[in-house]
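When we follow our numbering, the leftmost residue of the sequence shown carries the number 1, and every step to the right adds one.
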Amino acid sequence: MGKNNQARRRCNKICIFFVLCLFAWKPIFAVIVLETPQTEVKIFVTDRKEERDITPPTALQLPLCSIVVKAKHYGKGYLQIFHTPLVNEVEEVSYQLFCDNLQKNLPDILSYSCNPYLPLTIPVAEFSADLARPLRGDRASYSSNVIVHLKLDV
């Protein structure tokens, strides 16, 4: 038993020596690599300016944009779209996003399903601003922030 213990200690000392030599010789790199399935999502937003330009100035519904998602991942994707009111130097006009494709106000979540081996181009929707009241000045003077939040469920 004494020789076994002595041999084990000697082996431990040699291993520790080699490990210390490796640390001194080269910088340490990560040994564990986490792999995720290949995920690729692109969101394309196209301004509907031409349609907006021919809309009468007193209209309560203005064409804004269309959204297309190009996705290559496994599972479902969810889009949530938030926005701030239209503002210029003088006033603030609230609006709701109207989904032209569904002919109703934008739902809380837009979802789609996808396959990593078959990239999809998904036309999500065309949106219009359903204004609380007509804009009083030049449309180009108004601005709003639209935030698209993407969640993947794999």
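We put the beta carbon where it would ideally sit given N, CA and C, even for glycine.
- Contact annotation, serine 111 with lysine 72: C-beta distance approximately 17 Å; criterion of less than 8 Å not satisfied.
- Under the DSSP definition of a beta bridge, histidine 83 partners with Val146.
- With fewer than three CB-CB distances shorter than 8 Å, the stretch 79 to 87 does not count as touching the stretch 44 to 59.
- Taking C-beta atoms as the reference points, alanine 132 and valine 93 count as a pair closer than 9 Å.
- For a cut-off of 8 Å, the C-beta gap from valine 68 to valine 146 is around 15 Å, too long to register as a contact.
- Taking C-beta atoms as the reference points, glycine 137 and asparagine 105 fail to come closer than 9 Å.
- Each of Val41, Ile122, Gln96 was checked against the Cα of leucine 64, and the nearest Cα belongs to Gln96.
- When DSSP states are grouped into helix, strand and coil, asparagine 105 belongs to the strand group.
- Short of 6 Å from the beta carbon of histidine 149, and not among the five residues preceding or following it, lie these beta carbons of its own chain, in chain order: Gln80.
- For the 9 Å CB-CB criterion, lysine 151 and proline 119 do not form a contact.
- Shortest Cα-Cα distance from tyrosine 74 to any of Ser113, Pro107, Thr55 involves Ser113.
- Using a 10 angstroms sphere on the CB of leucine 102, the tally of other CB atoms stays under 16, which defines it as exposed.
- Leaving aside the five residues that flank aspartate 153 on each side, the residues in its chain whose CB is nearer than 8 Å to its CB run, in chain order, Gly75, Lys76, Gly77, Tyr78.
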